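Be aware that the sequence shown starts at 1, since it is given in full-length UniProt numbering, and climbs by one per residue. Ideal Cβ positions, reconstructed from N, Cα and C, are used throughout, including at glycine. Since this is a predicted model, take the numbers as computed values, not measurements. Read through the structure below, which is laid out as structure tokens, and then see the notes.
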Amino acid sequence: MTPTLPRPGDRLGRYTTEHVTELPEMQGWLVLLRHDLGARHAHVVRDDDNLAFGVTFPTVPQDSSGVAHILEHNVLMGSQRYPVADPFFAMLPRSLSTFMNALTASDWTTYPFSTRNQTDFFNLLSVYLDATFFPLLRRESFLQDGWRLEFSEPGDLSSPLKLQGVVYNEMKGAMATPSSVLWRAFGKALYPDLTYANNSGGAPADIPSLTYQALRDFHAAHYHPSNAYFYSYGRQNLADVLGAIESQVMQHFSAQERAVQIPDQPEFTAPRRAEVTYPGHDLDKGSQVTVGWKVGLSADPDLNLRWSVLSDVLLGNAAAPLTQPLIDSGLGSALSDLSGYRDSFREGAFAAGLKGLGLGQAEAVETLVLQTLGHLAETGLDPELIESSLHQFELSQREVSNAGMPYGLQVMFRMLGSWLQGGSPETALRLDSALEKLRADLAAGPVFEPMLRELLDSPHRVTLTLTPDPGELPKRRRPKPSCWSA
């Protein structure tokens, strides 16, 4: 039975319905709206009582002071309507929520929740809206969760000063792990002119450069309805959700020009190399080498699907045609932490390499990756491997499961990247047209081999080496992680 839905062009208060489409894969419908202030809203109508909501802001830090991450912590520490110290934690024992959190990524920050109770949904909605749009942003909160100086011996004014702060300590621990160091270095190496070159979580050495006023300014610039992407899901009345957002948020703002777009990364004229270290002592097997490329806009549904499939074909299992030669070479013990296709950047990235390496293996790994890809481009990929991967993608888009997080929020995260980068949320939820086009192109001739040749000809390539540095070990300690950051 088709639910009662608005039609394109219909007005719901100050919202205009832009697009309505059926989602047969999940037995639902997608309604896209835009508010007069510029806010976007995606509503998924589905017969599911596990109601979900999220508000997401594109956040593009211009340095590694951790402003986006520290702001995420601070907005959760009291707001105008809920001026208690930790309203989110106060809600935990009072709510029937099935998920509550907040996450900071490289170029966005999101605040999602889900619950099976309608009254609880609107209670949580009120807390989330007030926290994000009207936080108190107390100086004390900034000092607590950002950074501060305090005496190493409390009460002893003659003792040395030391840096403290929840995010500061959290990032000291995070940036001591090889995978985190490699990820941050990868963004900086492949996209040196964009926000991805910065550590959105905060580099411990740079966090003390953040001022309290800069935190407030970042909130004013980024946490505005004109820059907001709202999401709602489940068996609920869209008009009620929009009405709550209008009364609690929209009526208090005027339109603001968005100034947070991410441009294209200028192409390299030649491949580059980069080296980075992490605190470690295993000089024999503690290194990693990753060869990475920039491969095109993540919001392009056809390109995104094709790179996802190609990555799975090349690296999806131990016998995959790129994985097996890398492992069988004996250079390292496993694929590097960044191996595979990544669509979390505005322009996606493909990478492959090894970890468990000794020192000085960058050239050998780079040569092996390039030669293996070159061989595959010439001899071709096994059609059965391609068909198997396509079949898995077809199954995955039809799978409805609450494993990991509620399904309603899984849907949000599936569409978020494309949506924030100017693509259609629908294309991320409906792969049928892209799969049909890919199958037609495969029937007409080679598809993935030309992609490999183009990859090998691209000068926008980085060979990134990660090595342990025993000298860094005494400088960093792993703190207890925060509950409210990503």
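Contact check between the region 98-105 and the region 61-78: three or more CB pairs, one atom from each, fall below 8 Å, which counts as touching. Of the candidates Leu124, Ala185, Met77, the residue whose Cα lies closest to the Cα of Arg138 is Met77. Closest by C-alpha distance to Ser159, out of Gly404, Asn198, Leu149, is Leu149.
Separation of the CB atoms of Leu464 and Ala189 is rounded to 5 Å, and the pair is thereby assigned contact status at 8 Å.
For the pair Ser200 and Val276, the Cα-to-Cα distance works out to about 18 Å. Residue environment: Arg11 is assigned as exposed (fewer than 16 neighbouring CB atoms within 10 Å of its CB, all protein chains considered). In this structure, Gly54 sits near Pro112, with a CB-CB distance shorter than 8 Å. With a contact defined as Cβ atoms closer than 8 Å, Leu238 and Gly292 miss out at about 42 Å. Annotation: Pro468 to Ser287 spans about 6 Å, alpha carbon to alpha carbon. Around Pro321, the same chain offers Val313, Leu314, Thr372, Leu376, Leu381, Asp382, Leu385 as residues with beta carbons nearer than 8 Å, after the five sequence neighbours per side are excluded.
Around Ser97, the same chain offers Phe113, Ser114, Thr115, Asp120, Leu124 as residues with beta carbons nearer than 7 Å, after the five sequence neighbours per side are excluded. DSSP lists Ala349 as the bridge partner or partners of Lys294. Selection Asp48, Gly13, Asp49 evaluated against Asp36 yields Gly13 as nearest (Cα-Cα).
In the same chain as His43, and ignoring 5 residues on each side of it, the C-beta atoms closer than 6 Å to its own belong to Val31, Ser232, Leu238, in chain order. In this structure the region 403-414 does not touch the region 271-285; the number of beta carbon pairs closer than 8 Å is below three.
For Asp469, the enclosing beta strand (DSSP E) begins and ends at 461-469. The DSSP-derived three-state label of Thr4 is coil. Rounded to the nearest angstrom, the gap between the Cα atoms of Ala52 and Gly234 is 7 Å.
Listed as beta-bridge partners of Ala221 by DSSP are no residues whatsoever.
Tyr223 sits away from Arg40, with the two beta carbons spaced by 8 Å or more. Apart from the 5 residues on each side of it in sequence, Val60 sits with its Cβ closer than 7 Å to the Cβ of Asp107, Thr195, Val260, Ile262 in its chain, given in chain order. In this structure, DSSP gives Ala319 a state outside helix and strand, which the three-state scheme calls coil. Non-local C-beta neighbours of Val447 in its own chain, meaning closer than 8 Å and more than five positions away in sequence, comprise Arg306, Leu438, Asp441, ordered along the chain. Counted as a single uninterrupted DSSP element, the stretch harbouring Met77 is not any alpha helix (DSSP H), since DSSP gives it neither H nor E. For Phe253, there is no enclosing alpha helix (DSSP H), as DSSP gives it neither H nor E. If you ignore the 5 residues before and after Gly340, its C-beta comes within less than 6 Å of the C-beta of Ser311, Leu315, all in its own chain and listed in chain order. Judged by their CB atoms, Glu347 and Ser298 are nearer to each other than the 8 Å cut-off. Taking the CA atoms as reference points, Val289 sits about 5 Å from Gly353. Counting only runs that start and end inside the region 153-193, the alpha helix (DSSP H) elements of at least 4 residues fall at 166-174, 178-190. Here DSSP, grouped into helix, strand and coil, assigns Gln288 to strand. Taking the C-beta atoms as reference points, Asp48 is found nearer than 8 Å to Gly408.
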